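Residue numbers (my numbering): 8 to 286.
A short worksheet on the structure shown next.
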Amino acid sequence: MKDFHVHYHLDACGHEEMTMPNIERACIELGIDEAAVLKHYSQQLPNGKNDWAAWHVQGSAELDKFLDEYKAYQPKQVVFHSGVETELLNDDGDINIPLCDQEKVDIVQLSIHFMISTKKLPLEFLLYPNGAFSPEFDTADGQKQWKDWLDKVNTVGAEYLIEATVSGYMNAIKRFPKVRSLAHMDNGLAHLYNYGADVDSVSISRRIEIFEPLMKLMSDRGVNWELTAGGMNKDMFKRARELGVNFTCTADGHQLYNGWGPLAKHIDAENTLNKLMNM
Ligand SMILES: [Zn+2]
Ligand SMILES: [Zn+2]
8 MKDFHVHYHL
18 DACGHEEMTM
28 PNIERACIEL
38 GIDEAAVLKH
48 YSQQLPNGKN
58 DWAAWHVQGS
68 AELDKFLDEY
78 KAYQPKQVVF
88 HSGVETELLN
98 DDGDINIPLC
108 DQEKVDIVQL
118 SIHFMISTKK
128 LPLEFLLYPN
138 GAFSPEFDTA
148 DGQKQWKDWL
158 DKVNTVGAEY
168 LIEATVSGYM
178 NAIKRFPKVR
188 SLAHMDNGLA
198 HLYNYGADVD
208 SVSISRRIEI
218 FEPLMKLMSD
228 RGVNWELTAG
238 GMNKDMFKRA
248 RELGVNFTCT
258 ADGHQLYNGW
268 GPLAKHIDAE
278 NTLNKLMNM
């Protein structure tokens, strides 16, 4: 098995046990023979500050420290790759790490951790990943601003936002060759649900149609579509497979065996993938 999304102790979210020797030992026990170890990298956060939600501004210095530790370790049998997890920022495909630092790692895992900015709808309202208002908006008139945001979301419409998401991913893949995987992608629409878009008003067949160019590009460039145990729509999965997309599984491990997101749960994502393949 392969897991290209394993977190490291140098990030605040990564448990102190997530060192290279411990990660390799756990991978061997779990039957993972190839893995990417990731450093979070965010050169900016949506609130313009150093810390927001689960994320912290992280740059070259933190990456270099990670790479020093990563390279000092000699793996015994697992094939490792170095990587960063960073964010897609907008529909132009800007991502949250400069090119010079992308070049230092084997893979860029590209996530959407918060709503992307689009031409018709710049990111003007902040929600934590659990859907709670970010403190900047958790004010007396936050409710009014949320209503204004929802009006704008409805005006541009869910279909536009799905198209903009696909454009963002495609532009990033075309512009940045180190983007080798779309992180915890599943249906690729969680951010739109979270930010109030009426995604379900767009039929599955239309969603698949919008995603097809991205599926083809991922297939051509060998960019992985990462699945979690959450899985995805079976028709969308089927079409992506037909177009040659490679799926990989992850637990998005921040701990080894226990805690809210352990590597040991990798098998759950494999089971989800196997179920999709047999549907
Ligand atoms: Zn993530
Ligand atoms: Zn992650």
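Just so you know, even glycine gets a beta-carbon here, dropped at the ideal spot from N, CA and C.
Keep in mind the model is a prediction, meaning the values are calculated, not measured.
Buried or exposed by the 16-neighbour rule on C-beta atoms within 10 Å, applied to residue i
i: residue 262; result: buried
i: residue 92; result: buried
i: residue 210; result: exposed
i: residue 52; result: buried
i: residue 169; result: buried
i: residue 280; result: buried
i: residue 103; result: buried
i: residue 208; result: exposed
i: residue 25; result: buried
i: residue 139; result: exposed
i: residue 38; result: exposed
Residue i: CB within 6 Å of a non-hydrogen atom of ligand 1
i: residue 118; result: yes
Residue i CB to nearest heavy atom of ligand 2 below 6 Å
i: residue 10; result: no
i: residue 277; result: no
i: residue 18; result: no
i: residue 92; result: yes
i: residue 259; result: yes
7 Å Cβ cutoff met for residue i and residue j
i: residue 117; j: residue 124; result: no
i: residue 252; j: residue 222; result: yes
i: residue 191; j: residue 113; result: no
i: residue 3; j: residue 180; result: Past the edges of the chain, shown from 8 to 286, lies residue 3, and the structure says nothing about it.
i: residue 276; j: residue 247; result: no
i: residue 121; j: residue 173; result: no
i: residue 154; j: residue 128; result: no
Assigned secondary structure, residue i (DSSP; H/G/I helix, E/B strand, else coil)
i: residue 20; result: coil
i: residue 215; result: helix
i: residue 233; result: strand
i: residue 11; result: strand
i: residue 363; result: Shown here, the chain extends from 8 to 286; a query on residue 363 therefore has no answer.
i: residue 41; result: strand
i: residue 140; result: strand
i: residue 146; result: coil
i: residue 87; result: strand
i: residue 47; result: strand
i: residue 162; result: helix
i: residue 226; result: helix
i: residue 128; result: coil
Run of the alpha helix (DSSP H) containing residue i, from where it starts to where it stops
i: residue 109; result: 106 to 109
i: residue 281; result: 273 to 284
i: residue 73; result: 67 to 79
i: residue 96; result: Taken as a continuous stretch (DSSP letters only), residue 96 belongs to no alpha helix (DSSP H), as it is neither H nor E.
i: residue 117; result: First-last for residue 117: 114 to 118, but that is the beta strand (DSSP E), not the alpha helix (DSSP H).
Interface flag, residue i vs chain D, CB-CB below 7 Å
i: residue 28; result: Structure shown: chain D not included; a single protein chain is present.
Bounding residues of the beta strand (DSSP E) (the contiguous stretch that carries residue i)
i: residue 189; result: 186 to 189
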